[in-house]
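Going line by line, the protein sequences match chains E and Z. Per our numbering, residue 57 is the first one in the first sequence, and the count goes up by one each step. Per our numbering, residue 57 is the first one in the second sequence, and the count goes up by one each step. Reading through the structure tokens given below for one structure.
There are 2 protein chains.
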Amino acid sequence: MNTEGSAEIIAATRRALCEHGYAALTMQRIADESSLSTAAIHYHFDTKRDLLNAFLDELIDRFEGRLESEASDSRERLVAFLDAIFVPTDERDEDFPIALMELKSQAPHQDAYRDRFRQLDRRMREVVETAVRDGIAAGHFADADPDEVARVVVTMINGGHARGIALGEAPDETRRVIESYLELQLGWAPEVPA
Amino acid sequence: MNTEGSAEIIAATRRALCEHGYAALTMQRIADESSLSTAAIHYHFDTKRDLLNAFLDELIDRFEGRLESEASDSRERLVAFLDAIFVPTDERDEDFPIALMELKSQAPHQDAYRDRFRQLDRRMREVVETAVRDGIAAGHFADADPDEVARVVVTMINGGHARGIALGEAPDETRRVIESYLELQLGWAPEVPA
């Protein structure tokens, strides 16, 4: 399989999804965003669903790459995690959170999407849980249930995403609330840059 | 305006939305769920958007009705609030949270939806904030910032909604996490029925 072709198609899918939304996404619109024909796209992906699965896989890979922090200090790892969620990257389209919300809405009808969202959720909770557990062991944090802290943090991240879409609320509002929760629970909060 | 006709149309909209989803919602499908013709529906509502605005208004009214608790005890009011969010009602379609998630996804393109979601959010936060403030004054709760507590609780409710759709997670998981947060923050948790 031509991986370069796949990569181009997935990048085009991202653009088409951001521009037209999930309901109006067609192979033709994806082709329009790339240098390939719809026939060439079909050569790589049988259906729109296969293509969107590959798109979500790529999204998870990329996100996991951003989550990987080499820091040995658990506090730095928690900050890196929050940065990966909340600090916008150049490559990220402004409309991307909307496309992600639409894909989440489809999960009840698409088991393959749901599997991928579950994988992403597990990974996010693991990162937080491990950092909290290590930080407690190292004496940086007050004692707490690491699994519970991870659930609260990730549930608030999910809520912040939905609030951004539904209410137009700035993501920083959620980050601030998460940090004040961490202070309450762990007796520690990331230093807020001036 | 024939209010009875409107009420029937709004109920039909809810059913059509749950059955077909937002993207596939048409005046014809709404008519199919009611005893009225599409012409009669157009007599009440010019566009699908007008109809969905009326649908969201009705949703907010109904939800506010469920939120109104006569209890003078702030703890009872918090429990009533969580029940209004988490206890399923007979009338509520199982697919309704999916339809709501789809409408949230549309908010960036539809100011009128966004206004309504903001109204709902303000109302939810007010109920929590007032109950927390009263409970602190009455000595039932430890001291806390009522606005902040309301933000955390409502953000977790938003997150729980998205988790139900994207991951298929049971809403009770979020309720449990909210209650453990309230215990940490206020030194009080609702009694969990056996």
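The C-beta atom is built at its ideal place from N, Cα and C for all residues, glycine as well.
Simplified DSSP state of residue i, which is helix, strand or coil
i	result
Val210 of chain Z	helix
Leu81 of chain E	coil
Gln166 of chain E	coil
Pro251 of chain E	With chain E covering only 57 through 250, there is no way to say anything about residue 251 of chain E.
Leu238 of chain E	helix
Pro130 of chain E	Here residue 130 of chain E turns out to be Ser, not Pro, going by the sequence shown. Here Ser130 of chain E sits in helix by DSSP.
Thr103 of chain Z	coil
Glu114 of chain Z	helix
Ala245 of chain E	coil
His196 of chain Z	coil
Leu108 of chain Z	helix
Thr94 of chain Z	helix
Ser125 of chain Z	coil
Glu253 of chain E	Residue 253 of chain E lies beyond the range of chain E shown here (57 to 250); nothing can be said about it.
Thr145 of chain E	coil
Asp139 of chain Z	helix
Glu150 of chain E	coil
Glu182 of chain E	helix
Asp88 of chain Z	helix
Asp190 of chain E	helix
Asp177 of chain Z	helix
His201 of chain E	Sequence check: residue 201 of chain E is Asp here, not His. Looking at Asp201 of chain E - three-state DSSP - the assignment turns out to be coil, as it is neither helix nor strand.
Ala250 of chain Z	A caution first: Ala250 of chain Z carries a pLDDT of 49, below 50, which makes its placement in the model too unreliable to give a value.
Cβ-Cβ separation, residue j to residue i (assumed contact under 8 angstroms), whole Å
i	j	result
Leu240 of chain E	Leu240 of chain Z	6 angstroms
Val208 of chain Z	Tyr169 of chain Z	Not confirmed; about 25 angstroms, so no contact.
Arg181 of chain Z	Leu112 of chain Z	Actually they do not touch by this definition, with Cβ atoms about 18 angstroms apart.
Gly61 of chain Z	His100 of chain Z	6 angstroms
Chain Z contact for residue i (CB, 9 angstroms cutoff)
i	result
Gln84 of chain E	no
Glu158 of chain E	yes
Asp177 of chain E	yes
His217 of chain E	yes
Leu73 of chain E	no
Ala163 of chain E	yes
Phe173 of chain E	yes
Asp151 of chain E	yes
Ala168 of chain E	no
Arg207 of chain E	yes
Ile154 of chain E	yes
Ser62 of chain E	no
Ser236 of chain E	yes
Within-9 angstroms CB hit, residue i to chain E
i	result
Phe142 of chain Z	no
Glu182 of chain Z	no
Met57 of chain Z	Only weak support exists for where Met57 of chain Z lies, its pLDDT of 45 falling under 50; the coordinates are left without a value.
Thr145 of chain Z	no
Glu229 of chain Z	yes
Asp78 of chain Z	According to the sequence as given, residue 78 of chain Z is Tyr; it is not Asp. Yes - at least one Cβ of chain E is within 9 angstroms of the one on Tyr78 of chain Z.
Arg133 of chain Z	no
Thr211 of chain Z	yes
Ile66 of chain Z	no
Arg105 of chain Z	no
Leu138 of chain Z	no
Ala222 of chain Z	yes
Could you name the residues of the segment 188–205 of chain E whose beta carbon sits closer than 7 angstroms to any beta carbon of chain Z, in the order they occur along the chain?
With the criterion set as a beta carbon lying under 7 angstroms from some beta carbon of chain Z, the members of the segment 188–205 of chain E are Glu204, in sequence order.
May I ask you to verify whether the segment 122–142 of chain Z touches the segment 220–231 of chain Z, counting CB pairs closer than 8 angstroms and requiring at least 3?
Contact check between the segment 122–142 of chain Z and the segment 220–231 of chain Z: three or more CB pairs, one atom from each, fall below 8 angstroms, which counts as touching.
Would you call the segment 114–132 of chain E and the segment 163–183 of chain E in contact, with 3 or more CB pairs under 8 angstroms?
The answer is yes - the segment 163–183 of chain E touches the segment 114–132 of chain E, with three or more Cβ pairs under 8 angstroms.
If contact means a Cβ-Cβ distance below 8 angstroms, which residues of the segment 108–130 of chain E contact chain Z?
Within the segment 108–130 of chain E, no residue qualifies.
Is the segment 59–71 of chain E close to the segment 80–92 of chain E, with three or more CB pairs under 8 angstroms?
Contact between the segment 59–71 of chain E and the segment 80–92 of chain E is present, because at least three Cβ pairs lie under 8 angstroms.
For the segment 122–131 of chain Z against the segment 185–192 of chain Z, are there 3 or more C-beta pairs whose distance is under 8 angstroms?
Segments in contact, yes.
Proximal residues, the segment 238–249 of chain E versus chain Z, C-beta separation under 7 angstroms
Answer in chain order: Leu240 and Gln241.
Using 8 angstroms as the cut-off, can you tell me whether the segment 154–166 of chain E makes contact with the segment 160–167 of chain Z, which would need three or more C-beta pairs spanning the two stretches below that distance?
Counting Cβ pairs under 8 angstroms, three or more are found: they touch.
Using a Cβ distance threshold of 8 angstroms, determine whether the segment 67–79 of chain Z contacts the segment 203–221 of chain E, with at least three qualifying pairs required.
Not touching, per the Cβ criterion.
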